[in-house]
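Scroll down for the structure; my scribbles are underneath it.
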Amino acid sequence: MDFLRKFIETAFCFYNCDLIGRVMNGNQPISNKELIINKNTFVSTMRRNHPEMSDDSINLIYRLFEDKWSKNPNNMVISQNLFYSLVHFTNAVLRTEVNGSPVIKFEQLFKWKEVTEVTGETVLICAFLAYKDCYCNKYCKTRHFDWANLLPTDNKWLYHIFKVYKLIDLHQHLKASTSVFGISWACLMNHISHRNQQFKILVGEDLSKNDYNAVTLAAKIRIEICRRIMQPWNDEVLYDINAEIDKMFFKGIECCRRETHYLINRYRIGNNRQKQVNEYDYAASDCGVMSVFEGERRFLYMAFRHIFSGDRLAISSLLYRYLLIKAKIRSKMVQINTNVGFANFAAFERKKEIFIEGYPEYANLLYVLPMYEARTYYYQDELETRIAPQSQYHTLRNKYNAIEKINRQRNSSIAEYRIIYHFIKKKEKRSKGVGLCRNYHVRAEIKRQASAIHKLLQKRERVLKFEHQFKGYIADRIVGIDAANSELFCRPEVFAQAFARLSSFKIGFTFHVGEDFYDIADGLRAIDEAILFLNLKRGDRLGHCLALGIQPQIYYSEHDYHLAIPYQVLIDDMVWLKMKSMEWNVAIPPRVEKQIMDIFNGASTGQSMSDYYAAMRLRKEDPHRIGDKSVAHKIYNDYHYNPDLRKRGEVVEDFIVYPEYVSFIEAIQHKMRECIERRQFVIECCPSSNVKIGRLKRFDQHPIFTFCSVKNGNNHNLPVTVNTDDLGIFYTSLPREFELLTLALLKKKNEDGSTLYSSQEVYDWIERIVRKAHAYCFSNN
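Using this note's numbering, read the sequence shown as starting at 1 and increasing by one per residue.
This is the structure:
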């Protein structure tokens with residue numbers, strides 16, 4: 001299975017699509033055109049993505065493809081085709097329910113996840129269903145294509161818990177909470193013209209032309225296949241298309257785009273004469289909001305049915321080129337790489353909407369589909385979603401009303417939603433001005449946004465009333481305040497005044513913290529500062545908090561026991577560790593204590609550590625109103641306005657991690673967990689997001705199991721929730737998050753190889769997390 005997974009990833013995502021046309025036109029040698037891919041090219045492609053494998057091993061994988069995976073699973077003798085490899089895989093990991101709906105075999109979920117994170121689920125599901133309907137359900141004439149973007153598993157026990165107690169997502173960002181790429185691809189395939197600037201944003205000036213031309217080719221292939229699978233056709237016509245498509249660039253790419261645009265419009269009108277024209281996709285047969293995905297599914301399903309029913313070589317090569325181009329663009333919009341850190345995630349997040357800007361019918365789906373999918377597929381009657389605020393009251397109010405208007409026709413099909421406004425953390429701009437405090441521009445923007453939110457809450461304007469919708473005030477739908485984005489350059493102190501100004505309203509407060517950090521100590525200090533500076537109370541929440549629960553030994557060993565840390569951050573972390581160790585009565589190993597004192601004394605200009613720590617605690621105060629009352633105030637003033645100190649603080653230091661430091665950090669983590677458990681702050685865990693952004697290798701390493709023990713009476717029992725964060729970028733759903741955690745627990749072993757947890761313990765833990773999440777909603781305020 002692992003070899004087949006690697007083959008599919010290589011063949012359907014990383015293979016060079018330009019070579020396919022050469023194969024079909026006889027310019028690229030291949031032993032069997034039914035296989036489409038060239039052996040030598042496959043080997044070199046796989047070697048780039050799997051350097052741990054030898055050429056001999058890769059050659060054997062190709063032999064497996066030739067001898068087994070390329071053959072019809074129903075008859076291993078009569079025919080070969082590249083797409084049968086998809087069927088060999090899906091037959092092992094998927095099955096159909098009595099009603100024909102596809103589901104994942106629960107025990108195969110990790111294998112399914114590994115492949116579909118790279119390929120996407122749609123192509124595999126469509127190949128699976130098309131093959132089933134060709135060979136197992138020969139009388140199947142119609143099929144519905146409105147399944148969930150993330151398939152469910154067949155774990156009946158788990159889904160019983162979902163149905164009885166209902167799920168609730170308390171940490172999701174609205175405009176990234178559906179398949180943004182699926183919407184973007186539908187928009188591209190229906191509106192291919194005038195996209196130059198968007199491709200420059202996606203891939204840069206140098207590569208934009210090539211990628212735009214490739215997507216134009218994909219749009220051309222798609223409409224040509226659609227035109228022919230809806231009416232009688234033959235292979236000779238499709239062979240001609242293969243040749244013509246390769247020549248189209250010589251006629252002029254803009255001419256090709258205009259021709260494709262014309263064919264799409266003609267097809268859209270001709271195919272919908274007796275019914276309403278679909279505004280999202282000419283290939284769709286329905287007109288609901290899910291038809292933006294249904295069109296692509298229907299197209300792929302019908303193409304696969306033609307391939308599996310007749311081994312049509314021409315349509316196979318066309319479809320293969322199409323899928324490779326789509327996979328290439330998807331890899332630049334969905335986080336499928338293995339790089340860690342928030343900066344890597346941000347590169348995808350910034351690009352998620354570029355192809356739907358200017359197309360309101362598609363852009364508006366980002367406000368509709370998260371609520372629709374939550375109730376229809378993901379067992380959620382309500383959710384709390386996050387959006388960024390505007391700086392002006394009127395634009396803030398108008399944006400809110402626009403979201404209400406977009407959703408007003410959805411009746412009871414959408415989940416009841418509440419809004420959490422999240423400020424955006426940003427890196428400090430270099431300013432030419434003299435006498436500006438740290439994060440001056442971000443502070444000014446946040447102040448304006450906080451004023452707009454304050455006015456909105458204060459005015460309590462009534463929202464549009466609908467029988468099926470929430471009835472009340474705008475202010476009643478707003479339930480919380482947050483701050484999100486990279487925390488490396490924008491610490492909790494920046495948001496202190498904004499949170500204080502809004503604290504008089506009956507809303508909840510949460511904060512993204514301890515997710516990305518220079519050192520575990522740095523992440524722990526950020527959590528501590530968020531609680532102190534933002535004046536968080538019992539029942540408020542903390543987002544992610546990886547630093548609170550990850551295993552220090554694993555973290556530091558992966559960094560080779562050396563950390564690159566800016567000098568200012570390093571001093572602050574060392575002072576914080578020293579003072580917290582005294583407060584919590586944690587012994588500091590002698591070598592670590594000497595290291596802390598050496599770092600502090602190297603920066604000190606004579607002040608004591610207690611004065612410096614007092615100055616650190618003053619950072620929640622407005623830097624424009626620093627008094628001159630004490631040594632601590634003087635240190636705080638220099639922190640903001642002394643240019644030499646700030647310049648020195650930006651110098652990066654190599655911090656050596658001693659073995660004693662590792663155990664010391666473990667003790668500090670334990671004390672902080674006790675503090676958070678005692679004060680009853682809720683931790684918002686986002687497993688897939690944390691695995692992608694953090695340094696977690698496996699789901700069973702997630703800190704949620706440290707925060708909240710699976711076995712009753714063991715260790716800590718912090719309030720936790722399971723959430724999706726940016727499900728469109730991380731390719732997940734709320735049921736999927738619970739499925740992954742469940743399977744990880746059931747597979748967890750003791751050192752002797754025995755099962756660590758019983759099934760009853762695992763499902764009791766899942767049920768406990770699901771039930772308690774409803775108590776942590778800010779709407780309860």
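Each residue gets a CB set at the ideal place from its N, CA and C atoms; glycine is no exception.
Between ARG268 and SER285 a beta carbon distance of about 12 Å is seen, past the 8 Å cut, so the two are scored as non-contacting.
For TYR661, the closest C-alpha among the options THR116, GLU593 and LEU217 is that of GLU593. The beta carbons of CYS134 and SER309 sit closer together than 8 Å.
Judged by pairs of C-beta atoms under 8 Å, the region 328 to 336 touches the region 344 to 356, as three or more such pairs exist.
Proximity to ASP611 across GLY252, GLN197, ALA415 and ILE635 peaks at ILE635, based on C-alpha coordinates.
By the beta-carbon neighbour count (other beta carbons within 10 angstroms, threshold 16), GLY120 is buried. GLU751 carries a coil assignment under DSSP once its states are collapsed to helix, strand and coil.
With contacts defined by Cβ atoms closer than 8 Å, ALA547 and PHE517 form a contacting pair. When DSSP states are grouped into helix, strand and coil, ASN137 belongs to the coil group. In the structure shown, HIS562 falls within a strand segment according to DSSP collapsed to helix, strand and coil. Ranking GLY523, LEU488, ILE453 and VAL123 by CA distance to the CA of SER503 puts ILE453 first. Using a Cβ distance threshold of 8 Å, ILE307 and SER317 do not count as a contacting pair.
Between VAL513 and VAL442, the C-beta spacing is not below 8 Å. Sorting LEU4, TRP147 and ILE168 by C-alpha distance to the C-alpha of CYS686 places ILE168 at the top. Assignment of beta-bridge partners to ASP482 by DSSP yields HIS422. In the structure shown, GLU349 falls within a helical segment according to DSSP collapsed to helix, strand and coil. Ranking ASP2, ALA363 and PHE199 by CA distance to the CA of ASN213 puts PHE199 first. Note on geometry: alpha-carbon atoms of PHE181 and ILE729 lie some 8 Å from one another.
The criterion of a C-beta distance shorter than 8 Å is not satisfied by PHE12 and LEU319. Uninterrupted alpha helix (DSSP H) stretches at least 4 residues long and entirely within the region 112 to 161 occur at 122 to 135, given in chain order. Beta-carbon to beta-carbon, SER70 and LEU35 are separated by about 6 Å, close enough to satisfy the 8 Å threshold. C-alpha of SER688 to C-alpha of TYR776: approximately 21 Å in a straight line.
Assigned with DSSP and collapsed to three states, HIS454 falls in helix.
Between VAL720 and PHE738, the gap from beta carbon to beta carbon reaches 8 Å or more. Taking C-beta separations shorter than 8 Å and ignoring five residues to either side along the sequence, the partners of ASP638 in its chain run LEU645, following chain order. A Cβ-Cβ separation of about 6 Å places TYR84 in contact with ASN72 under the 8 Å criterion. The C-beta separation of ALA498 from ALA530 comes to about 13 Å, leaving the pair out of contact by the 8 Å criterion. Non-local C-beta neighbours of PHE3 in its own chain, meaning closer than 7 Å and more than five positions away in sequence, comprise ILE61 and LEU64, ordered along the chain.
Only residues of its own chain outside the window of five on either side were considered, and among them VAL631 and ILE635 have a CB closer than 7 Å to the CB of GLN607, listed in chain order. Below 8 Å, too few C-beta pairs join the region 760 to 776 and the region 388 to 408 to call them touching: fewer than three. Under the three-state reduction of DSSP output, GLU357 falls in the coil class, being neither helix nor strand. Among the bridge pairs identified by DSSP, ILE387 is matched with TYR421.
Closest in alpha carbon position to GLY295, among ILE520, ASN337, CYS226 and ARG375, is CYS226.
GLU382 is the residue among GLU382, ARG619, ASN16 and LEU94 whose C-alpha sits nearest the C-alpha of ARG477. Around the Cβ of CYS255, a 10 Å sphere holds fewer than 16 other Cβ atoms; the residue is exposed. Remark: three or more beta-carbon pairs, one from each stretch, lie closer than 8 Å, so the region 382 to 397 and the region 415 to 425 are flagged as touching.
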